[in-house]
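Here's the structure we're looking at; comments come further down.
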Amino acid sequence: MNILSPSILAADCAKLGEQIDLVQQAGAKYLHIDIMDGMFVPSISFGMCVVSSLRKYTDIIFDVHLMVEEPIRYAADFARSGADIITVHLEACSNVEETLDWIHSLGRKAGLSVKPATPIRCVEKYLDKADMLLVMTVEPGFGGQRYLPASTARIREARKMIREKGLNVDIEVDGGITKENISLVLDAGANVIVAGSAVFRGDITRNVRDMMEILDGHEEQTDLA
Ligand code: DX5
Ligand code: ZN
């Protein structure tokens, strides 16, 4: 299934609840929450209390992206706060397997992410422990950057690897995704689409509806093929 995961990094934090309602009503099934620790990435964003406050407000699936050094330290806190999917960076874990197992033991889905410079092949041995592979399409750390064109081949390679292994792993893409390049990443094999600026800048409802139309259209096309 193709899913849109709007990233609240680009939302107006004074209107978070209201803006989440808008994206959900317009068809988004996930909400992407970027957690930055000022170490793994230079910036700092949200913490547990934002996630738990939002959890009381909405039932949308929380897709929590931990840009955090040794994320195993915080997985239980985010699970308790209401995360449904917890994604960690391969580059940030001293023991990737243990971290993914720990997330599963908390009853949550586990995502594994790679930065643009990390070869896709590095995730191969962990794929059977991951529910989702997050292929970063910009350098993690900030919203509003441009999609890195080399990402397309990386998504394709990831999809091929997953198919060859006979696994059912979602491929999420994150960074610089717009209405203009969404078809490109879908064609390459991505099925969970993060979008921050492209959703929250301008008319939120319209942006989500336009993107959903492309996602649903692409799904019908693949069903027919
Ligand atoms: C970047 C974050 C992204 C970011 C995407 O480090 O992981 O989720 O919010 O923002 P856009 O869609 O504006 O590139
Ligand atoms: Zn993200």
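Start counting the sequence shown at 1126; every next residue gets the next number (the numbering used here).
Every residue gets a Cβ at the ideal spot worked out from N, C-alpha and C, and that includes glycine.
Do residue i and residue j have their C-beta atoms within less than 8 Å of each other?
i: Met1336; j: Lys1304; result: yes
i: Val1148; j: Val1333; result: yes
i: Leu1252; j: Leu1292; result: yes
i: Val1248; j: Leu1215; result: yes
i: Leu1156; j: Phe1187; result: yes
i: Val1317; j: Ile1287; result: no
i: Ala1283; j: Leu1258; result: yes
i: Arg1279; j: Val1260; result: yes
i: Lys1352; j: Pro1265; result: Nothing about residue 1352 can be reported from this structure: the residues present for the chain run from 1126 to 1350 only.
i: Val1298; j: Ser1132; result: no
Identify every residue that forms a DSSP beta bridge with residue i.
i: Ala1129; result: Rather than Ala, the amino acid found at residue 1129 in this sequence is Leu. Answer by DSSP bridge pairing, in chain order: Ile1318.
i: Val1213; result: Leu1237
i: Glu1289; result: Answer is none; Glu1289 lacks a bridge partner.
i: Glu1297; result: Leu1259 and Val1317
i: Asp1162; result: Ile1169
i: Ile1185; result: Its beta-bridge partners do not exist; DSSP assigns none.
i: His1157; result: Ser1132 and Asp1188
Can you tell which of the options has the C-alpha that lies nearest to the C-alpha of residue i?
i: Leu1141; options: Val1175, Pro1167, Ala1153 and Met1161; result: Val1175
i: Lys1234; options: Asp1159, Cys1218, Gly1207 and Pro1241; result: Gly1207
i: Asp1328; options: Met1126, Ala1136 and Asn1127; result: Ala1136
i: Asp1209; options: Thr1262, Glu1223, Ile1185 and Ala1139; result: Ile1185
i: Ala1242; options: Ile1228, Thr1262 and Thr1330; result: Thr1262
i: Arg1326; options: Ile1158, Asn1220, Lys1240 and Gly1269; result: Gly1269
i: Gly1236; options: Arg1205, Arg1271 and Pro1196; result: Pro1196
i: Ile1134; options: Ile1169, Phe1165 and Asp1146; result: Note that residue 1134 is Leu in the sequence shown here, rather than Ile. With distances taken between Cα atoms, Leu1134 lies closest to Ile1169.
i: Lys1181; options: Ile1145, Asp1341, His1229 and Leu1129; result: Ile1145
By a C-beta neighbour count over all protein chains shown, 10 Å radius and 16 as the cutoff for buried, is residue i buried or exposed?
i: Met1212; result: Here residue 1212 is Thr; the residue named in the question, Met, does not match the sequence. Result: buried.
i: Gly1301; result: buried
i: Ala1255; result: buried
i: Gly1163; result: exposed
i: Gln1150; result: exposed
i: Met1126; result: exposed
Using a strict less-than 5 Å threshold between each residue's beta carbon and the heavy atoms of the ligand ZN, what residues do you get? Asp1159, His1190 and Asp1299
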